[in-house]
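Residue numbers (the numbering used here): 3 to 245. For every residue, glycine included, the Cβ atom is placed at its ideal position computed from N, Cα and C. Just so it is clear, the structure is predicted and the values come from calculations on it, not from any experiment.
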C-alpha cells in the first residue's frame, strides 16, 4: 500500500471513537500502576463477561503503549470473543470500540488490509441494522452518520442514510421541503450517485408530500427514463402518483 493510501486510512481512523483517539498518552499515565489495576480487575472478573471485555480493551491499549502490539492484539481478540459470548446476536453495537481499536492497531502494525477490514465491519453494522429490523432505524441513523463522517462522499453511505431518514421522518413534522432532513440527504445522495434512479423516485415521493409537484414530476420522468423496469422505482413512482 502506498503512503498516500496509508495516510488516507489514518484520516478515517481519526474519526473513530476508541482508545486510540481519546488522547490517552503514555506520558500522561503511570503505565505500571494502570496495568497493575487492570490486571487485578481481570483476576477478579469485575463486571462479569461484559466488564472483562472492557478490561481487555483497556489492557490491549496499555500493552500497545508499552510497545507490545502482539500482546495488544491478543487482548483485543479476547475482548471481541467475550463480547460476542455475552451479547450474542445483539453484539454489533458493543463491538464498535473494539473494532476501532483493532483498525488502529493493524494500521500501526502496517497491516493495512486488516485495518481496512475492520473499518469495513464498522460500516457494515449500519447496513445490517437498517436492513433487518425497523426497530433499529434510530441506531442505523447514528451508524450511517458516523460512516459519512469517515467518507462524506461515499455513494453507498449517502444512499443508506437517505433511505433511513425517509423511513423515520414522520409526515407533517416539517412545514417545507427545505426544512426536511430526508429531502436534504436525498439531494446529497443523488449528487454523489447521479445514476441512482431509485433515489430520484424516492425524492419525488418525498417532494410530493410538500406539494412540490413540478420538481417531483421531473424526477419521476428521469427515474423512469433511466430505469423503466426497476421494481423499486416503479413502486415509488406509483406511491407518488397516489399521494
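Cβ of residue i within 7 angstroms of any heavy atom in the ligand SAM?
i	result
residue 64	Ligands displayed in this structure: none; no statement on the ligand SAM is therefore possible.
Buried or exposed for residue i, please, with buried defined as at least 16 other CB atoms from any protein chain shown within 10 angstroms of its CB.
i	result
residue 31	exposed
residue 125	buried
residue 12	exposed
residue 200	buried
residue 56	buried
residue 21	buried
residue 48	exposed
residue 46	exposed
residue 19	exposed
residue 9	exposed
residue 91	exposed
residue 65	buried
residue 235	buried
residue 213	exposed
residue 94	buried
Give the straight-line distance between the Cα atoms of residue i and residue j, rounded to the nearest whole angstrom.
i	j	result
residue 194	residue 188	10 angstroms
residue 104	residue 230	44 angstroms
residue 216	residue 141	34 angstroms
residue 60	residue 150	27 angstroms
residue 3	residue 117	For residue 3, the predicted model reports a pLDDT of 44, less than 50, meaning its position is unreliable and no value from the coordinates is stated.
residue 97	residue 226	42 angstroms
residue 85	residue 209	43 angstroms
residue 39	residue 127	33 angstroms
residue 77	residue 23	18 angstroms
residue 26	residue 111	19 angstroms
residue 222	residue 144	30 angstroms
residue 14	residue 224	35 angstroms
residue 114	residue 99	18 angstroms
residue 5	residue 69	For residue 5, the predicted structure reports a pLDDT of 48, less than 50, and the residue's modelled location is therefore unreliable. The matter cannot be settled from this model.
When you compare the CB positions of residue i and residue j, do they come within less than 8 angstroms of one another, or not?
i	j	result
residue 41	residue 54	no
residue 163	residue 146	yes
residue 171	residue 178	no
residue 75	residue 33	no
residue 87	residue 51	yes
residue 58	residue 80	yes
residue 17	residue 152	yes
residue 185	residue 205	yes
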